[in-house]
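Chains as they are written, first to last, in this note's numbering: chain A, 1 to 368; chain B, 1001 to 1255. Reading through the structure tokens given below for one structure.
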């Protein structure tokens, strides 16, 4: 199979810059948008049409997904990491209290989340295979799969056989974010560790899909490169995955850089207005993609975006290993900005006329 | 009355339970629809949990419960889900859905046939969701499905009967009930399907995402009744030229 090849990043930037008002209006009228149409919707010329984009995004989202929001929560397994991502609280350079949960501790955390009504669980870990390898994740999956509707992972990139093993153990989906699709900036942001290999990371969602995973999640860390270009590159990646792995669902996340240990400041700050334009543009480009809006964003914004494009919300999140049973904010990956409990998030969703869906999968699907 | 596998239904409107803004709105809409057959995604409910929000509001003495295998990518998964549903008290009826493409949710004809055959042999009452393929409908009928459920348009699209010609062939050939499923976006679409001779229709998205789902459910109820009545009454044939309401043939002189 041919690999995903991203066009030159600066050419994508130039394409977006070339779009004008007429291009935006044409894109807004279109049904099946081309890459050029998407570039138009991501361009500065589209900023004046945010209300029109919102109306279309809302209509498409509610038609395809209904008046529902799927709820999930992350469970942090380990904060050990051999990478030195400049923006991340878990960077090997940072002197933080590190923790790697035992299987029993993972179960205790999972039970806490289960009691709070979580059925879709995202297992997260820093990249330190000696501390948190495939064997351990497999054991976690085998222990938890019958208690949760769906188990996803956001851990270090793995090989295709490793993903196949985890799929067989009960993992349903894999999230791996490229952070930045700009290869030059990527090198600067990831100076050491296995993560410094841009191409290996870029090809990870394809390896996970080829191994049989039901869903892959992609995204760019917003605040590193120019968000418009990152959005276009992300959409090209999404479209490529659609073509090559038609059985695999795809989701997109929109993580904006949050305060974290190390004090990294966004290189290209992304405003809420920018983020909103990006979300609407992606929805108009792909009507069926699942769009995630995490607790990185504050409650006011997440309430406002209900029904307009995103389809999944995390809730009650703690980004420190062991943080659900014992609050320990000093070892977070990043600081969340929506501090409501799962019950409070669900209530807010209900109050706005949407159904917070906690179970939308079943472990029975992939029982051997 | 509509009869499927020996069970009779007064209403020819089947309804889905997805996409509603709350379980309570869903319940009110289903009541307004007067539907007696309600399909529920097994992925969405927990049959073992008495607190499950959908199961709590669905009075199973009022609504006949049709579990569906939505999300299954192949025959094995669909068969496994159906068996687990039966083992958990979900009954032996199943709406068979095998949809390997999460983007379009179009049904896989090959694995649907394989799963149907296996489930029928295992004693299930199988209602398969299919593309509007007349030969596939016949093949499914031959393996013993209790009905066939061809789509009017891809699920959730509200586009109406874009497969109309194929569905007409299916209706003409079928010996089992034909339930037009998916893509019906307006009561007029449902009425048209019934006028064509469909035995029933299944509607979800058009009701669930309507401005007022309860009112829309009632509108579909009326549309289905109107379409069925028209079918039974015998529709006039469309003509390209005007025809007088009181015809004067001019042939009265013939003895």
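Backbone N, C-alpha and C fix where the C-beta goes; we use that ideal spot for every residue, glycine too. Here the structure is a predicted model, which means the values were calculated and not measured.
- Contact between residue 250 of chain A and residue 238 of chain A is confirmed by a C-beta separation of about 6 Å, below the 8 Å threshold.
- Residue 1010 of chain B and residue 294 of chain A have their C-alpha atoms roughly 46 Å apart.
- Here residue 199 of chain A is exposed. Its C-beta has fewer than 16 other C-beta atoms within 10 Å.
- Per DSSP, reduced to three states, the secondary structure at residue 1181 of chain B is strand.
- Residue 1021 of chain B and residue 1040 of chain B have their C-alpha atoms spaced approximately 15 Å apart.
- Proximity of chain A to residue 1139 of chain B at the Cβ level (cut-off 9 Å) is not reached, the minimal Cβ distance being about 23 Å.
- 1100, 1101, 1102 and 1103: these are the residues of the segment 1087-1120 of chain B whose beta carbon lies less than 7 Å from some beta carbon of chain A, given in chain order.
- Cβ-Cβ distances below 7 Å link residue 1019 of chain B to 1204, 1205, 1208 and 1209 in the same chain, with the five nearest sequence neighbours on each side left out; the list follows chain order.
- The beta carbon of residue 1089 of chain B is closer than 7 Å to those of 1047 in its chain, skipping five residues each way along the sequence.
- Annotated three-state conformation of residue 179 of chain A is strand, per DSSP.
- Residues of the segment 1027-1058 of chain B with a C-beta atom less than 7 Å from some C-beta of chain A are 1042, 1043, 1044 and 1046, listed in chain order.
- Taking all protein chains in view, the Cβ of residue 1189 of chain B is crowded by 16 or more other Cβ atoms within 10 Å, so the residue is classified as buried.
- In the DSSP assignment, residue 154 of chain A falls within the beta strand (DSSP E) that extends over 150-154.
- Assignment of beta-bridge partners to residue 1037 of chain B by DSSP yields B/1014 and B/1064.
- Beyond the five residues adjoining it in sequence on each side, residue 188 of chain A comes within less than 6 Å, by CB distance, of no other residue in the same chain.
- Among the residues facing chain B, residue 247 of chain A is included, as its CB has a counterpart in that chain under 7 Å away.
- Excluding its 5 nearest sequence neighbours in each direction, residue 196 of chain A has C-beta neighbours in its own chain below 6 Å: 190, listed in chain order.
- Per DSSP, residue 1099 of chain B lies in no alpha helix (DSSP H) segment and is marked neither H nor E.
- Bridge partners of residue 249 of chain A according to DSSP: A/215.
- Looking from the CA of residue 252 of chain A, the closest CA among A/271, A/291 and A/277 belongs to A/291.
- Within its own chain, the residues whose Cβ lies closer than 7 Å to the Cβ of residue 212 of chain A, once the five positions on either side in sequence are excluded, are 164 and 167, listed in chain order.
- With distances taken between CA atoms, residue 1177 of chain B lies nearest to B/1146 out of B/1146, B/1192 and B/1202.
- Rounded to whole angstroms, the separation of the alpha carbons of residue 1038 of chain B and residue 1069 of chain B is 14 Å.
- A Cβ of chain A is located within less than 7 Å of the beta carbon of residue 1156 of chain B.
- Among the bridge pairs identified by DSSP, residue 1201 of chain B is matched with B/1013 and B/1180.
- Scanning its chain for C-beta atoms nearer than 7 Å, with the 5 sequence neighbours on each side dropped, one finds around residue 41 of chain A the residues 24, 27, 53, 281 and 284, in chain order.
- Boundaries of the alpha helix (DSSP H) around residue 1142 of chain B: 1134-1143.
- As the crow flies, the alpha-carbon of residue 99 of chain A is around 27 Å from that of residue 186 of chain A.
- Per DSSP, the beta bridge partners of residue 1093 of chain B are B/1125.
- Contact of residue 32 of chain A with chain B is not assigned, every C-beta pair being separated by 7 Å or more.
- Beta-bridge pairing by DSSP links residue 1225 of chain B to no other residue.
- Look at residue 100 of chain A here: in three-state DSSP terms it is strand.
- A straight line joining the alpha-carbon of residue 1026 of chain B with that of residue 1179 of chain B spans about 21 Å.
- Under the three-state reduction of DSSP, residue 1149 of chain B is assigned to strand.
- In the structure shown, the three-state DSSP call for residue 120 of chain A is strand.
- Within the segment 1062-1090 of chain B, those residues whose Cβ lies closer than 8 Å to any Cβ of chain A are, in chain order, 1071, 1072, 1073, 1077, 1080, 1081 and 1084.
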